[in-house]
Amino acid sequence: MGSTERPWRITLTDGKTSAESRVRLSQLMGPEHANHMGNVHGGVIMKMVDEAGALAAMRHAQSLCVTVTVDSMTFMEPILVGYVVTVDAYLTFAGTTSMETRVEVTAENPLTGVKTHTNTAYVVYVALGEQGRPRRVPPLMATTPEEEASMNDAQERQTYRKLQRAKESARKRL
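Note that the sequence shown covers residues 32 to 205 in the numbering used here.
Structure representation (structure tokens):
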């Protein structure tokens, strides 16, 4: 086996890179995806974002994964019927059982070739074992300074999410 090849099953001490989990999905938007004005429904895009993010998480964890949270998603530009939507997803963080993916959405007018970045979302998933309980995931390894910075930013978002959950729990106890 060459040094760049990975066995089918990895041990948890083996890290994986963001590139190993990268996913790209593309789909032509038709009338069934849109409202009466010809704009693609936000829910259609959100579903594509969740599917791409989940696939990236599953590739990393090599197990089923469930969505925990979508940090934010802003629709910056409308997407029209006839456009090709491309969704790119990759891991930015791997904790003990959870993973964060960055998902970017681009709309392309296939008649002109003009591409427009329309959305970015951060989505968190948890890996599940055979009994449907959270299971450990491999660590994420940075291979470039950009990936290292992305992982640091993701760690800050994860810390913020934990603080928010603690605040919500404290409020519920009052």
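Positions of the beta carbon are idealized from the N, C-alpha and C atoms, including for glycine.
Going by other Cβ atoms of all chains shown within 10 Å of its Cβ, with 16 needed for buried, is residue i buried or exposed?
i              : result
glycine 74     : exposed
glycine 84     : buried
tyrosine 191   : exposed
asparagine 150 : buried
glycine 61     : exposed
Can you tell me whether residue i is helix, strand or coil according to DSSP?
i             : result
arginine 196  : helix
valine 112    : coil
histidine 148 : strand
alanine 85    : helix
valine 97     : strand
arginine 90   : helix
arginine 55   : strand
methionine 79 : helix
methionine 68 : coil
glutamate 36  : In this predicted model, glutamate 36 has a pLDDT of only 43, less than 50, meaning its place in the structure is not dependable enough to derive any value.
threonine 48  : strand
lysine 203    : helix
Give a yes or no on whether the C-beta atoms belonging to residue i and residue j are separated by under 7 Å.
i              : j            : result
valine 101     : valine 136   : no
methionine 130 : tyrosine 156 : yes
glycine 46     : proline 170  : yes
valine 118     : leucine 56   : yes
glutamate 139  : valine 112   : no
tyrosine 121   : arginine 53  : yes
Going by alpha carbons, who is nearest to residue i out of the options?
i          : options                         : result
alanine 87 : Val112, Ala65, Pro62 and Ala125 : Ala125
valine 168 : Gln58, Val145 and Thr127        : Thr127
Hey, is residue i's beta-carbon within less than 7 Å of any beta-carbon in chain C?
i            : result
tyrosine 114 : Although the question refers to chain C, the structure presented lacks it and comprises just one protein chain.
Per DSSP, residue i is paired with what?
i                 : result
phenylalanine 124 : Glu131
proline 165       : Leu159
glutamate 139     : Val115 and Lys146
leucine 171       : Lys47
methionine 60     : Bridge partners of methionine 60: none, in fact.
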